[in-house]
Amino acid sequence: MILDRLSAADRYVACHPGFAAAFQFLRTTDFSTFSAGKHQVDGERMFVVINREPGRGHEGAKFESHQRYIDIQLTLGGTDEMAWRPLDLCSQPVGAFNDQKDVVFYQDAAETWLTVPPGTFAVFFPQDVHAPLGGTGDLFKAVMKVAVDWK
0 MILDRLSAAD
10 RYVACHPGFA
20 AAFQFLRTTD
30 FSTFSAGKHQ
40 VDGERMFVVI
50 NREPGRGHEG
60 AKFESHQRYI
70 DIQLTLGGTD
80 EMAWRPLDLC
90 SQPVGAFNDQ
100 KDVVFYQDAA
110 ETWLTVPPGT
120 FAVFFPQDVH
130 APLGGTGDLF
140 KAVMKVAVDW
150 K
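Counting from 0, one number per residue, gives the positions in the sequence shown under numbering that gives the first Met the number 0.
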């Protein structure tokens with residue numbers, strides 16, 4: 000898991016071959032014109048999901064993890080709060096992994112909560128169980144999905 004300001008993103012490009020393009024897209028795109036939902040960036044290797052919705056609060060945030068995609072969650076408006084816990088400490092999945100949606104949910108408790116104000120991003124790798132949208136009030140986010148298997 001990584002938490003930092005978008006202005007410092009270049010220090011993380013060596014973590015994955017798709018991160019340079021992902022951070023460049025996040026830095027140079029005017030998301031105010033984007034509708035909520037999924038938008039293609041580089042086929043199935045990289046796409047962005049725009050969230051424009053009220054936060055769910057800590058109690059309503061859903062703990063999740065992914066296997067095929069890394070999340071780079073950038074807060075654009077409002078202040079999100081995201082929970083985190085290492086996957087190897089989670090033991091309460093809710094159902095089976097949904098391969099089509101690349102997600103499994105958990106009932107485990109958060110190990111920590113991260114405050115993610117505008118201009119700040121959090122990166123969640125497959126080993127990072129996370130619960131986004133834990134803030135309150137209206138949230139505006141760009142969630143880059145970067146394929147783990149970058150070809």
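We put the CB at the ideal spot given by N, CA and C, even for glycine.
Kindly list the residues whose CB is nearer than 6 Å to the CB of W112, restricted to its own chain and excluding five residues on each side of it in sequence; keep chain order. Residue mapping note: residue 112 aligns to position 113 of the sequence shown, counting from 1. Closer than 6 Å at the Cβ level, and outside the excluded window around W112, lie E80, A82.
On the DSSP bridge assignment, give the partners of P131 in chain order.
Residue numbering aside, residue 131 sits at position 132 when the sequence shown is read from its first letter. Bridge partners of P131: none, in fact.
Residue of A141, G136, A146 minimising C-alpha distance to T28 | As a working note, residue 28 is residue 29 in the sequence shown. Closest by C-alpha distance to T28, out of A141, G136, A146, is A141.
**Prompt:** Tell me, which residues are paired with R4 by DSSP?
**Reply:** The residue given as residue 4 occupies position 5 in the sequence shown. R4 is bridged by DSSP to T119.
**Report entry** Reduced DSSP secondary structure (H/G/I, E/B, other) of H15
**Finding:** Stepping through the sequence shown from its first residue, residue 15 is reached at position 16. If DSSP states are grouped into helix, strand and coil, H15 belongs with coil.
Worksheet item: How would you label T32, buried or exposed, when you count the other beta carbons within 10 angstroms and need 16 or more for buried?
Response: Taking the first residue of the sequence shown as 1, we reach residue 32 at position 33. In summary, T32 is exposed, with fewer than 16 beta-carbon neighbours lying within 10 Å of its beta-carbon over all protein chains present.
field: Cross-strand partners of Q66 (DSSP beta bridge)
entry: Numbered from its first residue, the sequence shown carries residue 66 at position 67. None, per the DSSP bridge assignment.
Using three-state DSSP, classify E110 as helix, strand or coil. In the sequence shown, residue 110 corresponds to position 111, counting from 1. For E110, the secondary structure class from DSSP, reduced to helix, strand or coil, is coil.
Sort S6, I71, Q39 by Cα distance to V122 and report the nearest one. Counting from 1 along the sequence shown, the entry for residue 122 is found at position 123. Its Cα nearest to that of V122, the residue I71 stands out among S6, I71, Q39.
_Could you tell me the alpha carbon to alpha carbon distance between S6 and L75, rounded to whole angstroms?_
Within the sequence shown, the letter at position 7 stands for residue 6. Within the sequence shown, the letter at position 76 stands for residue 75. A straight line joining the alpha-carbon of S6 with that of L75 spans about 13 Å.
(request) Look up K150 in the DSSP assignment and give the residues it is bridged to. (result) If you number the sequence shown from 1, residue 150 lands on position 151. Answer is none; K150 lacks a bridge partner.
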